[in-house]
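Heads up: the sequence shown begins at 46 in the working numbering, then just goes up one per residue.
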Amino acid sequence: MSAPAEDGVVPQAIRKLTPGKLVIASHNEGKVREIRALLAPYGVEAISAKELDLPEPEETGTTFVANAELKALVAADLSGLPALADDSGLCVDALNGDPGVYTANWAETPTGRDWGLAMQKVEDALATKGPDASRDAHFVCTLALAWPDGHVQWFEGRAEGHLTWPPRGVAGFGYDPVFVPFGHEQTFAELPAEEKAAISHRTAAFKALVTAVF
Numbered sequence: 046m047s048a049p050a051e052d053g054v055v056p057q058a059i060r061k062l063t064p065g066k067l068v069i070a071s072h073n074e075g076k077v078r079e080i081r082a083l084l085a086p087y088g089v090e091a092i093s094a095k096e097l098d099l100p101e102p103e104e105t106g107t108t109f110v111a112n113a114e115l116k117a118l119v120a121a122d123l124s125g126l127p128a129l130a131d132d133s134g135l136c137v138d139a140l141n142g143d144p145g146v147y148t149a150n151w152a153e154t155p156t157g158r159d160w161g162l163a164m165q166k167v168e169d170a171l172a173t174k175g176p177d178a179s180r181d182a183h184f185v186c187t188l189a190l191a192w193p194d195g196h197v198q199w200f201e202g203r204a205e206g207h208l209t210w211p212p213r214g215v216a217g218f219g220y221d222p223v224f225v226p227f228g229h230e231q232t233f234a235e236l237p238a239e240e241k242a243a244i245s246h247r248t249a250a251f252k253a254l255v256t257a258v259f
């Protein structure tokens with residue numbers, strides 16, 4: 046199912062995706078690796094934006110849909126190929142959904158992204174809410190699939206869970222070491238890759254995409 050419209054964006058009719066080359070509009074190697082593995086069974090040759098030396102556009106949107114669409118359209122226009130972009134983030138209930146669409150911004154430093162710092166910022170923000178504050182949170186993944194002619198469609202997935210501290214595990218990326226999905230005791234960064242993939246927000250979004258376009 047396509048994602049709900051946001052910021053007045055109206056979803057277009059679903060267009061099928063045929064086997065062939067597809068640009069993954071991301072320079073995040075962790076995301077590219079996960080997306081490439083999910084697309085492989087469908088005859089899609091995934092090429093990352095980094096491999097094509099495409100720029101990373103500034104994410105000026107205020108929603109996951111807007112940012113995913115922006116990245117996908119830029120990559121499709123510059124490459125002349127269909128492009129898939131992901132915008133995802135951690136939304137913490139007690140922080141009114143923050144860091145949300147600004148998830149990566151919380152990790153920014155003058156020398157690059159520091160996810161340890163980002164996780165500490167979340168923990169510090171929760172501490173200001175008091176000892177009884179909810180630690181429930183969810184990951185959101187919005188996928189935008191765009192073509193060079195400007196056609197674009199969206200798909201969304203979620204993973205519900207709660208935050209733990211201190212961080213645990215070395216697998217995954219981003220906020221994975223502090224996120225424990227409901228029904229599990231291990232963080233995303235402690236779970237085997239196959240087990241995480243089965244329940245992740247990105248997989249849920251891909252299931253919606255696959256159902257619609259293949």
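Even for Gly, the Cβ is constructed at its ideal location relative to N, Cα and C.
- If one requires a minimum length of 3 residues, the beta strand (DSSP E) runs lying completely within the stretch 92-178 are 128-137, in chain order.
- If you compare the alpha carbons of T156, H229, A189 and F224 with that of Q165, the shortest gap goes to F224.
- Under DSSP, K66 takes part in a beta bridge, and its partners are E90.
- F251 sits in a helix when the DSSP states are folded into three classes.
- With a threshold of 16 other beta carbon atoms within 10 Å, Y147 falls short and is exposed.
- Where G202 is concerned, the enclosing beta strand (DSSP E) starts and stops at V197 to L208.
- The stretch 133-142 makes no contact with the stretch 91-106: fewer than 3 CB pairs, one atom from each, lie closer than 8 angstroms.
- In terms of Cα proximity to L188, the closest of E74, V255, K95 and G65 is V255.
- The alpha-carbon of R81 is positioned some 10 angstroms away from that of Y87.
- In the DSSP assignment, V185 falls within the beta strand (DSSP E) that extends over D181 to A191.
- Using a 10 angstroms sphere on the CB of K241, the tally of other CB atoms reaches 16 or more, which defines it as buried.
- Under the DSSP definition of a beta bridge, F233 lacks any partner.
- Between A204 and A238, the beta carbon gap of about 15 angstroms keeps them out of contact (Cβ cut-off 8 angstroms).
- Of G195, D194, W192 and F184, the smallest CA-CA separation from L208 is found for F184.
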